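Note that the protein sequences, when read in sequence, are chains Y and C.
Quick note on the numbering used here: the first sequence kicks off at 1 and runs consecutively.
Quick note on the numbering used here: the second sequence kicks off at 133 and runs consecutively.
Glycine included, every Cβ here is placed at the ideal spot set by N, Cα and C.
Bear in mind that the values here come from a model prediction, so they are computed numbers and not experimental data.
Only one structure is covered here, and it is reproduced in the block below.
2 protein chains.
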Amino acid sequence: MSLVDEPLTTYESACSGVTADTQAAIRDVLNRIGDKWSLLVIATLGERTLRFGEVQAHVPGISQRMLTLTLRQLERDGLVRREVFAEVPPRVEYALTPRGATLITPASALAEWAIGHYPGILASRAEYDARG
Amino acid sequence: MSLVDEPLTTYESACSGVTADTQAAIRDVLNRIGDKWSLLVIATLGERTLRFGEVQAHVPGISQRMLTLTLRQLERDGLVRREVFAEVPPRVEYALTPRGATLITPASALAEWAIGHYPGILASRAEYDARG
DNA sequence: CGGGATCCTACTCGATACTG
DNA sequence: CAGTATCGAGTAGGATCCCG
């Protein structure tokens with residue numbers, strides 16, 4: 001699987017033809033889950049259904065505004081389901097949709113990579129900065 | 133593997149203790165490869181070593197400035213190796229480091245997810261927007 | 001050819017205050 | 001409780017020009 005659109009040579013072009021649609025899909029999805037909060041919210045809801053305030057409590061540092069915006073985007077993309085209960089005080093529950101749940105696996109793979117390679121990355125940065 | 137720091141209950145706390153370091157690692161890495169160009173550059177270099185101009189040719193739309201910045205960041209994190217040849221005209225080659233190569237697998241997994249689920253996501257968006 | 005230096009725009013995100 | 005509205009700072013990214 002190639003993530004890039006343009007082939008390296010005309011020969012390889014015949015083998016790795018990836019359309020512009022593919023590029024758009026990757027970039028679009030990466031823009032969504034690559035933001036500051038989406039992945040953390042998805043991971044939190046991956047454990048179980050939660051109310052708005054509970055999500056906020058388990059994603060340290062997120063503001064009310066950003067949580068609202070993030071949840072709305074995820075709902076719009078069909079990754080999160082929002083259920084409103086007509087009660088007083090109001091109760092709103094958020095859960096991962098089946099599609100949202102399928103994101104957990106590749107996201108966790110990336111997270112594990114990040115955790116595993118982070119010490120080395122920090123070391124590389126220190127060395128790079130030390131050289132000027 | 134949990135991506136979140138805060139446990140859902142005190143009981144689960146004992147099981148899923150994830151430190152703040154873990155959060156930092158995930159967010160730091162995601163900030164780097166979640167930007168507009170890094171992943172595309174990595175994918176491009178994943179096929180073979182390339183000169184600066186070649187990378188730019190195979191990542192459609194990237195400006196000279198952004199390619200330079202992106203490559204510098206990746207080099208700083210030890211994901212890309214930069215080799216300068218003392219020639220006229222100057223030649224600079226970029227290649228993935230072993231660490232950078234290990235990123236291909238989880239990144240491709242995420243890319244495949246994006247490609248596979250993108251039609252459904254677009255459909256969800258259309259439906260969401262149609263409802264107002 | 002492979003950058004560096006500047007300027008500028010757009011957008012993300014946070015803080016705060018208010019509401020049904 | 002679960003939002004919405006508004007404002008403002010910071011920053012990612014694009015355009016352009018210049019240099020060894």
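- [ ] Note down, in chain order, every chain Y residue with its Cβ under 7 Å from the Cβ of T235 (chain C).
- [x] On the second sequence, position 103 is the one that residue 235 (chain C) refers to. Correcting the residue identity first, residue 235 (chain C) is Leu in this sequence and not Thr. Correct list: W113.
- [ ] Using a Cβ cut-off of 9 Å, pull out every chain Y residue sitting near P161 (chain C), in sequence order please.
- [x] As a working mapping, residue 161 (chain C) is identified with position 29 in the second sequence. Note on identity: in this sequence residue 161 (chain C) is Val, with Pro being the wrong assignment. Neighbours of V161 (chain C) on chain Y, chain order: L110, A111, W113, A114, I115, H117, Y118 and I121.
TODO: Could you tell me whether the Cβ atoms of L110 (chain Y) and L242 (chain C) are closer together than 8 Å?
DONE: One-based indexing of the first sequence puts residue 110 (chain Y) at position 110. One-based indexing of the second sequence puts residue 242 (chain C) at position 110. Yes, Cβ-Cβ distance for L110 (chain Y) and L242 (chain C) is below 8 Å.
TODO: In the DSSP assignment, find the alpha helix (DSSP H) that holds R257 (chain C) and state where it starts and stops.
DONE: Translated into positions along the second sequence, residue 257 (chain C) becomes position 125. First-last of the alpha helix (DSSP H) with R257 (chain C): I236 to A262.
TODO: With R214 (chain C) as the anchor, note down where its beta strand (DSSP E) starts and where it stops.
DONE: As a first step, residue 214 (chain C) is located in the second sequence; it is residue number 82 there, counting from the start. Note, R214 (chain C): beta strand (DSSP E), V212 to F217.
Task: Residues in the region 33 to 45 of chain Y having any Cβ partner in chain C nearer than 7 Å - done: G34, L39, L40, A43 and T44
Task: For E47 (chain Y), the first and last residue of its enclosing alpha helix (DSSP H) - done: The count along the first sequence starts at 1 and reaches residue 47 (chain Y) at position 47. Run containing E47 (chain Y): none; DSSP gives neither H nor E here.
Open item on the list: Between I174 (chain C) and L211 (chain C), how many whole angstroms is the CB-CB distance? I'm expecting something under 8 Å.
Closed with: Residue 174 (chain C) sits at position 42 when you count from the first residue of the second sequence. Residue 211 (chain C) sits at position 79 when you count from the first residue of the second sequence. At roughly 7 Å, the Cβ-Cβ gap stays under 8 Å, so I174 (chain C) and L211 (chain C) are in contact.
TODO: Give me the Cα-Cα distance between T102 (chain Y) and G46 (chain Y), rounded to the nearest whole angstrom.
DONE: Reading the first sequence from its first residue, position 102 is the one you call residue 102 (chain Y). Reading the first sequence from its first residue, position 46 is the one you call residue 46 (chain Y). So the alpha carbons of these two residues sit roughly 10 Å apart.
Task: Min CB distance A146 (chain C) to chain Y below 8 Å - done: The sequence position of residue 146 (chain C) within the second sequence is 14, counting from 1. Residue placement at A146 (chain C) cannot be trusted, given a pLDDT of 28 that sits under 50; what the coordinates show is reported in the next sentence. Taking Cβ atoms only, chain Y never reaches closer than 8 Å to A146 (chain C), which makes this a no.
- [ ] Taking all protein chains shown into account, decide if P222 (chain C) is buried (16 or more other Cβ within 10 angstroms of its Cβ) or exposed.
- [x] By 1-based counting over the second sequence, the position of residue 222 (chain C) is 90. It is exposed - the Cβ of P222 (chain C) has fewer than 16 other Cβ atoms within 10 Å.
Open item on the list: Here's the rule: buried if 16 or more other CB atoms are within 10 angstroms of the residue's CB, otherwise exposed. What is A25 (chain Y)?
Closed with: Counting from 1 along the first sequence, the entry for residue 25 (chain Y) is found at position 25. When all chains shown are included, A25 (chain Y) counts as buried.
Open item on the list: I'd like to know if P323 (chain C) contacts chain Y, where contact means its C-beta is closer than 8 Å to some C-beta of that chain.
Closed with: Only positions 133 to 264 of chain C appear in the structure, and residue 323 (chain C) is not among them; the question remains open.
TODO: With DSSP as the reference, please indicate the residues paired to A95 (chain Y) in a beta bridge.
DONE: Looking up residue 95 (chain Y) in the first sequence gives position 95. In DSSP, A95 (chain Y) forms a bridge with Y:R81.
Task: C-alpha distance - R204 (chain C) paired with E215 (chain C), whole-angstrom precision - done: Here the question's residue 204 (chain C) lines up with position 72 in the second sequence. Here the question's residue 215 (chain C) lines up with position 83 in the second sequence. R204 (chain C) and E215 (chain C): Cα-Cα distance of roughly 12 Å.
Open item on the list: On the criterion of 16 or more Cβ atoms from any shown chain inside 10 Å, does D261 (chain C) qualify as buried, or is it exposed?
Closed with: Along the second sequence, read from residue 1 onward, the residue named residue 261 (chain C) stands at position 129. Counting Cβ neighbours within 10 Å, D261 (chain C) comes out exposed, since fewer than 16 surround it.
- [ ] Flag A25 (chain Y) as yes if its beta-carbon sits less than 8 Å from any beta-carbon of chain C, otherwise no.
- [x] As a first step, residue 25 (chain Y) is located in the first sequence; it is residue number 25 there, counting from the start. It does: the Cβ of A25 (chain Y) has a partner Cβ on chain C nearer than 8 Å.
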